[in-house]
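Chains A and B are the protein sequences, given in the same order. Numbering-wise (full-length UniProt numbering), the first sequence opens with residue 1 and increments by one. Numbering-wise (full-length UniProt numbering), the second sequence opens with residue 1 and increments by one. These notes are about the structure you will find just below.
There are 2 protein chains.
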Amino acid sequence: MLPSPIPISEAESLVMEPLWRESPLASEQIVAAVQADSDWHEKTIRTLLNRLLGKGAVSAEKDGRRYLYSPVLSREQWQSQESRNLLDRVFGGRVAPLLAHFSRHEKLSAKDVDELRKLLDAIERKEH
Amino acid sequence: MLPSPIPISEAESLVMEPLWRESPLASEQIVAAVQADSDWHEKTIRTLLNRLLGKGAVSAEKDGRRYLYSPVLSREQWQSQESRNLLDRVFGGRVAPLLAHFSRHEKLSAKDVDELRKLLDAIERKEH
DNA sequence: GTCGATGAATTACTGACGTAATCTGAAGTC
DNA sequence: GACTTCAGATTACGTCAGTAATTCATCGAC
């Protein structure tokens with residue numbers, strides 16, 4: 001069974017960020033890390049952390065007087081959720097139109113193009 | 001100057017759908033078209049249409065006793081907005097990781113792969 | 001064993017969104 | 001011209017997200 005999607009908001013994803021880089025972390029460390037990239041109030045960050053806990057997107061283990069938090073939702077799972085959501089909502093669930101869109105509207109560097117070509121090669125080799 | 005983004009909600013995008021297929025349309029036609037794909041109440045659809053008007057995502061021109069509506073935000077512009085939003089929020093603004101993600105996690109048909117190869121060829125030819 | 005600090009839990013407020021119901025004004029009907 | 005009808009405009013209401021402030025519980029300091 002695929003991991004059932006855990007929807008998190010954009011603000012919540014920014015609180016996941018430090019946990020995706022390193023875990024477990026104490027809330028104080030999370031607050032510090034998030035504040036390095038934003039001007040959110042400590043209270044705000046703790047609220048978001050608690051909501052993530054409520055949703056099951058992070059877990060907490062008691063460490064003496066405080067908790068240590070770890071991600072349950074992985075960054076990859078989240079990226080999958082969000083990508084699939086865009087795909088379904090905006091491109092009728094089909095990948096090719098999305099990629100065509102990107103190739104038309106986003107500047108792809110020569111390096112991007114090269115990398116993509118290698119990806120395609122790898123996919124074809126896998127299919128045969 | 002790029003068209004400034006007009007954020008619309010998911011429900012609103014479903015009301016744009018018939019207008020993207022054909023325009024202008026009277027509200028009654030829009031209601032009928034949306035109801036073909038959903039069970040929303042007529043009032044709900046008209047409310048969404050009005051919000052879209054307020055946001056400037058559609059325009060209205062008087063036609064006797066009623067209005068005819070046309071999209072201002074094109075489907076392509078909307079797809080661009082949403083794609084860029086995903087890219088920035090989830091993939092740090094870089095295209096390659098997004099595509100790598102798709103190639104790893106989404107099933108691409110042989111036809112998709114072929115199509116993509118052609119796109120890459122076209123891009124390279126344009127760049128030289 | 002009381003007091004303050006500090007983390008966690010609870011509560012709060014605003015705006016947007018989903019989902020309508022109600023009100024209004026003009027156009028057609030009798 | 002009063003009455004109905006219907007499109008559009010206004011108002012409503014619960015929920016969730018963003019952004020906190022407030023309260024509670026516990027642990028260490030005196």
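Where is the CB? At the ideal position from N, CA and C, for every residue including glycine. These figures come from a predicted structure and were not determined experimentally.
With respect to the C-alpha of A/Gly54, the residue from A/Arg21, A/Tyr69 and A/His101 having the closest C-alpha is A/Tyr69. Of A/Glu10, A/Arg65 and A/Gln79, the smallest CA-CA separation from A/Ile45 is found for A/Glu10. Residues of the region 95 to 109 of chain B that bring their beta carbon within less than 9 Å of a beta carbon in chain A comprise Val95, Ala96, Pro97, Leu98, Leu99, Ala100, His101, Phe102, Ser103, Arg104, His105, Glu106, Lys107, Leu108 and Ser109, in sequence order.
Apart from the 5 residues on each side of it in sequence, B/Trp20 sits with its Cβ closer than 8 Å to the Cβ of Pro71, Ser74 and Arg75 in its chain, given in chain order. The continuous stretches of alpha helix (DSSP H) do not include A/Pro71, which lies in the beta strand (DSSP E) extending over residues Arg66 to Pro71. Under the Cβ distance rule, B/Arg125 does not count among the residues neighbouring chain A, no pair being separated by less than 8 Å.
B/Glu10: member of the alpha helix (DSSP H) spanning Glu10 to Arg21, first to last residue. Around the CB of A/Pro18, 16 or more other CB atoms lie within 10 Å, so the residue is classed as buried. For the set B/Ser59, B/Val31, B/Ala122 and B/Glu12, the Cα lying nearest the Cα of A/Ala110 is the one of B/Ala122.
Put simply, the backbone Cα of A/Glu28 is about 41 Å away from that of A/Val95.
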